[in-house]
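Before any comments, here is the structure.
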DNA sequence: GGTGCCGTACCGACTGGCCGGTATGCCACG
DNA sequence: CGTGGCATACCGGCCAGTCGGTACGGCACC
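In structure tokens, the structure reads:
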């Protein structure tokens, strides 16, 4: 990204403030003051406050989607691919914890069309994920006695919830937690011996 | 609750609007119009808009806490008690889905003291829950190789996430989903044969 | 190499509208 | 006749977005 530093500074300030105070409680004035620029500068790079929020989403969505595609492209056993996907999404969600907080809290503050765009992008991710799970079910490694929607929700819920409880304690901690959550998820998914 | 119907109507309208538009995007005017009363009437029963939001939280928190205490008071095997607790909290969360949406989305809009009160109440619930898990670990039925905080987050995340994906499809469906999620959680919790 | 022109980046005072909250009064009922 | 239960008009603050203006770097043309 060779964007001007102004746009970057503003985005950074916005994320921090939105994450701690919420979108509605943060005035544009606060954002530009924290970023060390003026309102005029900000409105030169962003169409609206709404636009600023969307830019934050854009960045996360693109990043996670590209990671997903890359992992899937590498190929391999379903179980290994899914494990890699899960670990990755948890890890990057931890890296972008403030963004995630804003994401899940303020999505409904977006204008209608932009909200739909976000939904569209998330669905794309969701569908690829679901296809993996189905493949695992077809191959008989994952249980089929629980609706796929429930299984998937059971994982994405962990990702959502991270910002509600996770507080970083060291660097490798991030990966550890990602593996633990992934482990819990996959354990629940695997077909039991007793299954039909 | 033998509150006047005005207070009830207002609360109901507020929940619906907050859940669909968010707290900040909903004006007091909208609420009273939907409830079929006037601003004067509303401010006769509530101190502020903030107060209205808190009342919604109050109701949910009290309800779930009383359920929890009751189930624990009944006693029994840890695993059975925990299962009952989990099923109950998922079920009531589904019954109060709009309230839950508001709850998780708009908590940060409360005034500081009230926010702390909510945190306090939730911690009380959390601690009782954690004590159950620990008891299960001490008795050797639950795994101890994953931090208790992670195990617990893994369950509460499901409760939080319900409003993001669940859409009712019949009456018994509610209980079914509650049991499925509980099953997934407890399966992940149980000590494996291979464990130390 | 000066001169004029233009486009890009930025400034910051101002405004129009919205919205939470309040002041005051009315009316029914006991 | 006074008190609880409301209605209605109004106020003051805040805030997103605007708009007239400035600073400056490049670039063409003489």
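Chains as they are written, first to last, in this note's numbering: chain F, 1 to 196; chain R, 197 to 392. Glycine is no exception: its CB is placed at the ideal position from the N, C-alpha and C atoms.
Taking the CB atoms as reference points, tell me whether residue 200 of chain R and residue 283 of chain R lie closer together than 7 Å.
-> Indexing the second chain from 1 puts residue 200 of chain R at position 4. Indexing the second chain from 1 puts residue 283 of chain R at position 87. No, the pair does not count as a contact, with Cβ atoms beyond the cut-off.
Count the other CB atoms within 10 Å of the CB of residue 221 of chain R; is the residue buried (16 or more) or exposed (fewer)?
-> Looking up residue 221 of chain R in the second chain gives position 25. Exposed: under 16 other Cβ atoms inside 10 Å.
Pick from R/316, R/344, R/374: whose alpha carbon is nearest that of residue 177 of chain F?
-> One-based indexing of the first chain puts residue 177 of chain F at position 177. When only C-alpha atoms are compared, the closest one is R/344.
Comparing alpha-carbon positions, which option in R/253, R/346, R/361 lies nearest residue 298 of chain R?
-> Walking along the second chain from the start, residue 298 of chain R turns up at place 102. Nearest of R/253, R/346, R/361 to residue 298 of chain R, Cα basis: R/253.
For chain R, find out if any of its Cβ atoms is closer than 7 Å to the Cβ of residue 167 of chain F; answer yes or no.
-> Translated into positions along the first chain, residue 167 of chain F becomes position 167. It does not: the Cβ of residue 167 of chain F has no partner Cβ on chain R nearer than 7 Å.
Given that a residue counts as buried once 16 or more other Cβ atoms are within 10 Å of its Cβ, and exposed if not, what is residue 44 of chain F?
-> By one-based count along the first chain, residue 44 of chain F stands at place 44. It is exposed - the Cβ of residue 44 of chain F has fewer than 16 other Cβ atoms within 10 Å.
Bridge partner(s) assigned by DSSP for residue 338 of chain R | Here residue 338 of chain R refers to the residue found at position 142 when the second chain is read from its first residue. Residue 338 of chain R is bridged to R/386.
Using a beta-carbon distance cut-off of less than 8 Å, what residues from the stretch 329-347 of chain R approach chain F?
-> 342, 343, 345, 346, 347
When DSSP labels each residue in this structure, what does residue 168 of chain F get in the three-state scheme?
-> Walking along the first chain from the start, residue 168 of chain F turns up at place 168. Reduced to three states, the DSSP call for residue 168 of chain F is coil.
Would you report the Cα separation of residue 15 of chain F and residue 366 of chain R, rounded to the nearest angstrom?
-> Numbered from its first residue, the first chain carries residue 15 of chain F at position 15. Numbered from its first residue, the second chain carries residue 366 of chain R at position 170. Using only the alpha carbons, I get a separation of about 40 Å.
Straight-line Cα distance separating residue 134 of chain F from residue 192 of chain F | Taking the first chain and counting its residues from 1, one reaches residue 192 of chain F at position 192. Taking the first chain and counting its residues from 1, one reaches residue 134 of chain F at position 134. Distance between the alpha carbons of residue 192 of chain F and residue 134 of chain F is about 17 Å.
In terms of residues, what are the limits of the alpha helix (DSSP H) holding residue 42 of chain F?
-> As a first step, residue 42 of chain F must be located in the first chain, where it is residue number 42. Start and end: 39-45.
Taking residue 51 of chain F as the query, report the chain R residues whose CB atoms sit under 8 Å from its CB, ordered along the chain.
-> Position 51 of the first chain, counted from the first residue, corresponds to residue 51 of chain F. None at all; the shortest Cβ gap to chain R is about 17 Å.
Would you grab the beta carbon distance between residue 63 of chain F and residue 92 of chain F for me? Rounded to a whole angstrom, and I think it's under 8 Å.
-> As a first step, residue 63 of chain F is located in the first chain; it is residue number 63 there, counting from the start. As a first step, residue 92 of chain F is located in the first chain; it is residue number 92 there, counting from the start. Yes, they are in contact, since the Cβ atoms of residue 63 of chain F and residue 92 of chain F sit about 7 Å apart, within 8 Å.
Could you check where the alpha helix (DSSP H) with residue 77 of chain F kicks off and where it finishes?
-> To locate residue 77 of chain F, count along the first chain from 1; it is residue 77. Where residue 77 of chain F is concerned, there is no enclosing alpha helix (DSSP H), given that its DSSP letter is neither H nor E.
Assigned secondary structure, residue 350 of chain R (DSSP; H/G/I helix, E/B strand, else coil) = Here residue 350 of chain R refers to the residue found at position 154 when the second chain is read from its first residue. Helix at residue 350 of chain R.
Report all residues from its chain with a CB closer than 6 Å to the CB of residue 1 of chain F; omit the five preceding and five following residues, and keep chain order.
-> Reading the first chain from its first residue, position 1 is the one you call residue 1 of chain F. Only weak support is given to the placement of residue 1 of chain F: the predicted model assigns it a pLDDT of 36, under 50, and the value that follows is read from those uncertain coordinates. Here the set comprises nothing.
What alpha helix (DSSP H) runs, 4 residues minimum, are completely inside the stretch 263-326 of chain R?
-> 274-291, 293-302
Residues near residue 142 of chain F in its chain [Cβ-Cβ closer than 7 Å; skip 5 each side] | Here residue 142 of chain F refers to the residue found at position 142 when the first chain is read from its first residue. Taken in chain order, the residues that qualify are 133, 136, 189, 190, 191.
Give every residue of the same chain whose Cβ lies closer than 6 Å to the Cβ of residue 353 of chain R, excluding the five residues on either side of it in the sequence, and list them in chain order.
-> Taking the second chain and counting its residues from 1, the one referred to as residue 353 of chain R is at position 157. Cβ within range, chain order: n/a, list empty.
Span separating the alpha-carbon of residue 350 of chain R from that of residue 233 of chain R = Here residue 350 of chain R is taken as the residue at index 154 of the second chain, counted from 1. Here residue 233 of chain R is taken as the residue at index 37 of the second chain, counted from 1. Spanning the two alpha carbons is a distance of roughly 43 Å.
Are residue 60 of chain F and residue 99 of chain F touching if we call contact CB-CB under 7 Å?
-> Indexing the first chain from 1 puts residue 60 of chain F at position 60. Indexing the first chain from 1 puts residue 99 of chain F at position 99. Yes, the pair counts as a contact, with Cβ atoms nearer than the cut-off.
In the DSSP assignment, find the alpha helix (DSSP H) that holds residue 5 of chain F and state where it starts and stops.
-> The count along the first chain starts at 1 and reaches residue 5 of chain F at position 5. 5-21 is the extent of the alpha helix (DSSP H) around residue 5 of chain F.
Quick one: does residue 161 of chain F have its CB under 7 Å from some CB of chain R?
-> Here residue 161 of chain F refers to the residue found at position 161 when the first chain is read from its first residue. Closer than 7 Å: yes.
Give a yes or no on whether the minimum CB-CB distance between residue 22 of chain F and chain R is below 7 Å.
-> The residue labelled residue 22 of chain F in the question sits at position 22 within the first chain. Interface residue, yes.
Of the choices F/151, F/82, F/12, whose alpha-carbon is the least far from that of residue 179 of chain F?
-> Along the first chain, one-based indexing puts residue 179 of chain F at 179. Nearest C-alpha to residue 179 of chain F: F/82.
Can you name, in chain order, every residue of its own chain whose Cβ lies under 7 Å from the Cβ of residue 7 of chain F, other than the five neighbours on each side?
-> For the purposes of this step, residue 7 of chain F is taken as residue 7 along the first chain, with counting starting at 1. Hits under 7 Å: 45.
Under the assumption that residue 219 of chain R contacts residue 302 of chain R (Cβ atoms under 8 Å), give the Cβ distance between them as a whole number of angstroms.
-> In the second chain, residue 219 of chain R corresponds to position 23, counting from 1. In the second chain, residue 302 of chain R corresponds to position 106, counting from 1. Confirmed, Cβ separation roughly 4 Å.
Quick one: what's got a C-beta closer than 6 Å to residue 161 of chain F's C-beta in the same chain, skipping five residues either side?
-> Here residue 161 of chain F is taken as the residue at index 161 of the first chain, counted from 1. Within the same chain, residue 161 of chain F has no close Cβ partners at all.
So which residues on chain F does residue 383 of chain R lean against when the C-beta distance must stay under 7 Å?
-> To locate residue 383 of chain R, count along the second chain from 1; it is residue 187. Chain F residues near residue 383 of chain R: 187, 188.
On a CA-only basis, which of F/10, F/12, F/48, F/19 is nearest residue 163 of chain F? Give me that one, please.
-> Numbered from 1 along the first chain, position 163 holds the residue referred to as residue 163 of chain F. It is F/19.
Find the residues of chain R that neighbour residue 181 of chain F, judging by a C-beta separation of less than 7 Å, and give them in chain order.
-> Residue numbering aside, residue 181 of chain F sits at position 181 when the first chain is read from its first letter. Residues of chain R passing the Cβ test: 346, 350.
Quick one: what's got a C-beta closer than 6 Å to residue 237 of chain R's C-beta in the same chain, skipping five residues either side?
-> Walking along the second chain from the start, residue 237 of chain R turns up at place 41. Closer than 6 Å at the Cβ level, and outside the excluded window around residue 237 of chain R, lie 202.
Residues, ordered as in the chain, of the stretch 270-296 of chain R that lie near chain F by beta-carbon distance below 8 Å = none
Kindly list, in the order they appear in chain F, the residues whose Cβ is closer than 8 Å to that of residue 354 of chain R.
-> The sequence position of residue 354 of chain R within the second chain is 158, counting from 1. By Cβ distance, chain F contributes 153, 154, 157.
Taking only the alpha-carbon atoms, compute the straight-line gap between residue 10 of chain F and residue 205 of chain R and give it to the nearest angstrom.
-> Position 10 of the first chain holds residue 10 of chain F. Position 9 of the second chain holds residue 205 of chain R. Rounded to whole angstroms, residue 10 of chain F to residue 205 of chain R spans 42 Å at the Cα level.
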